[in-house]
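A.B. asks:
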Amino acid sequence: MARSGSHPDDADEEKQAAAIATAFGKACQDHASPLVAHVSTVEVAKDMDILRAALGDAKLTYLGKSYGTFLGATYADLFPTHVGRMVLDGALAPDLTPAEMLEGQAVGFETATRAWAQDCVDSGSCPLGSSADAVMTALGALFTRLDATPARVEGDARVTRLTEGWAVYGVASAMYDQGMWDSLTRALKPLVSDNDGTALMGLADVYADRDSDGRYSGNMMQALPAVNCLDAADSPDLSVYEKRAADTAVLAPVFGRFLGWSGLTCGMWPIPATGAPHRITAPTAPPIVVVGTTRDPATPYDWAVRLANQLERGALVSYDGDGHTAYTRSNSCVDDAIDRYYVDGTVPPDGLRC
Numbered sequence: 001m002a003r004s005g006s007h008p009d010d011a012d013e014e015k016q017a018a019a020i021a022t023a024f025g026k027a028c029q030d031h032a033s034p035l036v037a038h039v040s041t042v043e044v045a046k047d048m049d050i051l052r053a054a055l056g057d058a059k060l061t062y063l064g065k066s067y068g069t070f071l072g073a074t075y076a077d078l079f080p081t082h083v084g085r086m087v088l089d090g091a092l093a094p095d096l097t098p099a100e101m102l103e104g105q106a107v108g109f110e111t112a113t114r115a116w117a118q119d120c121v122d123s124g125s126c127p128l129g130s131s132a133d134a135v136m137t138a139l140g141a142l143f144t145r146l147d148a149t150p151a152r153v154e155g156d157a158r159v160t161r162l163t164e165g166w167a168v169y170g171v172a173s174a175m176y177d178q179g180m181w182d183s184l185t186r187a188l189k190p191l192v193s194d195n196d197g198t199a200l201m202g203l204a205d206v207y208a209d210r211d212s213d214g215r216y217s218g219n220m221m222q223a224l225p226a227v228n229c230l231d232a233a234d235s236p237d238l239s240v241y242e243k244r245a246a247d248t249a250v251l252a253p254v255f256g257r258f259l260g261w262s263g264l265t266c267g268m269w270p271i272p273a274t275g276a277p278h279r280i281t282a283p284t285a286p287p288i289v290v291v292g293t294t295r296d297p298a299t300p301y302d303w304a305v306r307l308a309n310q311l312e313r314g315a316l317v318s319y320d321g322d323g324h325t326a327y328t329r330s331n332s333c334v335d336d337a338i339d340r341y342y343v344d345g346t347v348p349p350d351g352l353r354c
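Following this note's numbering, the numbering of the sequence shown begins with 1 at its first residue and continues without gaps.
1. Quick check on this structure: which residue in 291, 54, 142 and 287 has the alpha carbon closest to the alpha carbon of residue 331?
2. How long is the line joining the alpha carbons of residue 275 and residue 140, rounded to whole angstroms?
3. According to DSSP, is residue 2 part of a helix, a strand, or is it coil?
4. Can you find the residues in the same chain that come closer than 7 Å, C-beta to C-beta, to residue 130, ignoring five residues on each side of it along the sequence?
5. Per the DSSP calculation, residue 151 is bridged to which residue(s)?
6. What is the DSSP secondary structure of residue 350, reduced to helix, strand or coil?
7. Using the three-state DSSP reduction, which class does residue 218 fall into: helix, strand or coil?
8. For residue 262 and chain B, any beta-carbon pair shorter than 7 Å?
9. Can you tell me whether residue 48 is helix, strand or coil according to DSSP?
10. Enumerate in chain order the residues of its own chain whose CB-to-CB distance from residue 351 is below 7 Å, with the five nearest sequence positions on each side excluded.
11. Assign residue 8 to buried or exposed, taking buried as 16 or more other Cβ atoms, counted over all protein chains shown, within 10 Å of its Cβ.
12. Keeping to the same chain, check which residues put their C-beta closer than 6 Å to that of residue 261; ignore five residues upstream and five downstream.
13. Among the residues of its own chain, which have a CB less than 8 Å from the CB of residue 111, if the five just before and after it don't count?
14. Starting from residue 251, follow the alpha helix (DSSP H) in both directions and report where the run begins and ends.
15. Does residue 356 come out as helix, strand or coil in the three-state DSSP assignment?
16. Identify, in the order they occur along the chain, each residue of the same chain with its Cβ nearer than 6 Å to the Cβ of residue 256, setting aside the five sequence neighbours on each side.
17. Note the first and the last residue of the continuous alpha helix (DSSP H) segment covering residue 39.
18. For residue 169, does the three-state DSSP call read helix, strand or coil?
19. For a test of the three-state rule: what should DSSP assign to residue 86, helix, strand or coil?
20. Quick check on the DSSP output: what are the complete alpha helix (DSSP H) runs of length 4 or more inside the region 252-278, in order along the chain?
21. In terms of DSSP beta bridges, what is residue 338 paired with?
22. Assign residue 50 to one of two classes, buried (16 or more other C-beta atoms within 10 Å of its C-beta) or exposed (fewer than that).
23. Among 278, 54, 151 and 206, which one has its Cα closest to the Cα of residue 96?
24. Which residue marks the beginning of the beta strand (DSSP E) containing residue 114, and which one marks its end?
25. What does a CB cutoff of less than 6 Å around residue 177 pick up in its chain, not counting 5 residues either side in sequence?
26. Taking the CB atoms as reference points, tell me whether residue 93 and residue 303 lie closer together than 7 Å.
27. Exposed or buried, what is residue 124 when buried is set at 16 or more other beta-carbons lying within 10 Å of its beta-carbon?
28. By how many angstroms is the C-alpha of residue 27 removed from the C-alpha of residue 89?
29. Who are the near neighbours of residue 154 in its chain, counting only those whose CB is closer than 6 Å to its CB and skipping five residues on each side?
30. Which residue wins for smallest C-alpha separation from residue 152, given the options 192, 113 and 182?
31. When DSSP labels each residue in this structure, what does residue 327 get in the three-state scheme?
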């Protein structure tokens with residue numbers, strides 16, 4: 001990540017971003033060896049089967065959300081005869097390349113943010129414009145402004161400026177749950193009117209599991225790259241990210257450059273990948289239910305369709321809605337179908353729409 005922005009803007013910042021990514025990977029290797037070389041999804045799926053056996057269960061009953069869908073699909077690939085009632089919600093298709101994954105997320109966050117933008121306009125007090133197009137354009141301009149001149153942050157022990165990078169995380173955080181949309185709209189008002197980024201930094205803290213004293217309650221920001229970089233390698237060539245960012249920005253003008261460069265961490269990861277993208281069909285497993293949300297920012301709906309089609313006995317449940325994942329979160333139609341499946345084994349009809 002660039003010095004104050006969410007992506008490098010020139011050759012010097014590209015070199016700096018590469019140096020930061022390299023240092024991050026080395027720090028993980030120095031402080032978490034030998035474990036850091038053994039946190040791949042395949043290894044964790046094997047651990048899951050050990051736990052199943054230790055509990056004395058003949059079959060694994062499983063709910064996986066987001067990355068957990070990749071873990072569940074991998075388990076089904078390795079241990080198809082041990083699969084019980086399995087639901088994969090907010091699916092990540094295992095054959096996605098790193099470039100496809102980042103492009104898909106960029107488009108996913110763009111789609112989700114546009115839905116928020118329309119809601120912001122409909123509220124009658126949107127600080128960024130009077131149409132969804134105007135709001136999206138203004139949001140992109142706001143990120144650019146913060147890259148050049150970060151906003152002030154008050155009451156934080158360590159972060160005194162809202163940079164472009166933190167602002168992107170703040171907006172992205174609200175896309176995971178439409179219940180946070182009003183909070184985002186309120187957070188943008190003082191930022192636009194008074195260059196006060198405190199509230200938007202608060203949303204970024206939610207994303208990063210961070211409090212205003214600078215303490216992190218979890219290690220998601222470190223653990224996810226450690227897992228992802230073992231599962232699939234990315235390129236160490238900076239020109240690859242230059243092109244990826246430019247191409248993705250055409251599809252997603254607000255988030256494209258940010259996501260286009262985000263694979264650099266794995267490009268500079270010091271531990272060789274042990275996995276690679278591949279199709280999972282699990283032909284001898286029982287039916288596996290895949291749930292997709294049409295405007296999911298982090299795991300786009302197309303990925304759920306892709307996984308359900310690849311699984312030999314995949315049943316797709318579609319939720320026409322917003323936010324990340326669906327089961328137990330926002331829709332009784334989805335909840336009822338999945339509850340019936342878990343309780344009495346009734347597989348939802350493939351193609352059920354909620």
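Even glycine gets a Cβ: it sits at the ideal position worked out from N, Cα and C.
C.D. replies: Considering the structure as presented:
1. When only C-alpha atoms are compared, the closest one is 291.
2. Counting only the Cα atoms, residue 140 lies some 36 Å from residue 275.
3. Because the pLDDT at residue 2 is just 32, under 50, the model does not fix this residue reliably, and the point stays unresolved.
4. Correct list, in chain order: 121.
5. 162.
6. It is coil, neither helix nor strand.
7. Coil, per DSSP.
8. Here there is only one protein chain, and chain B is not present.
9. DSSP places residue 48 within a helical segment (H, G or I) once states are collapsed to three.
10. Hits under 7 Å: 316.
11. Buried is the call here.
12. The residues are 7, 241 and 245.
13. For residue 111, where only same-chain residues beyond five positions count, the Cβ hits under 8 Å are 295, 297 and 300.
14. Residue 251: member of the alpha helix (DSSP H) spanning 238-251, first to last residue.
15. Residue 356 cannot be examined here, being either before or after the span of the chain that is shown, 1 to 354.
16. Non-local C-beta neighbours of residue 256 in its own chain, meaning closer than 6 Å and more than five positions away in sequence, comprise 106, 248 and 249, ordered along the chain.
17. Residue 39 -> no alpha helix (DSSP H), and no H or E assigned at all.
18. The answer is helix: DSSP assigns residue 169 an H, G or I state.
19. Looking at residue 86 - three-state DSSP - the assignment turns out to be strand.
20. Fully enclosed alpha helix (DSSP H) runs of no fewer than 4 residues occupy 256-261 and 264-267 of the region 252-278, in order along the chain.
21. The bridge partners DSSP lists for residue 338 come to none.
22. Under the 10 Å beta carbon count, residue 50 is surrounded by fewer than 16 other beta carbons and is classified as exposed.
23. If we check each option's Cα against that of residue 96, 278 comes out closest.
24. No beta strand (DSSP E) holds residue 114; the alpha helix (DSSP H) holding it covers 98-122.
25. Around residue 177: 323.
26. Cβ atoms of residue 93 and residue 303: closer than 7 Å.
27. The C-beta of residue 124 has fewer than 16 other C-beta atoms within 10 Å across all chains shown, which makes the residue exposed.
28. Taking the straight line from one Cα to the other gives about 33 Å.
29. 198.
30. Out of 192, 113 and 182, the CA that lies nearest to the CA of residue 152 is found in 192.
31. Residue state, collapsed to three classes: coil.
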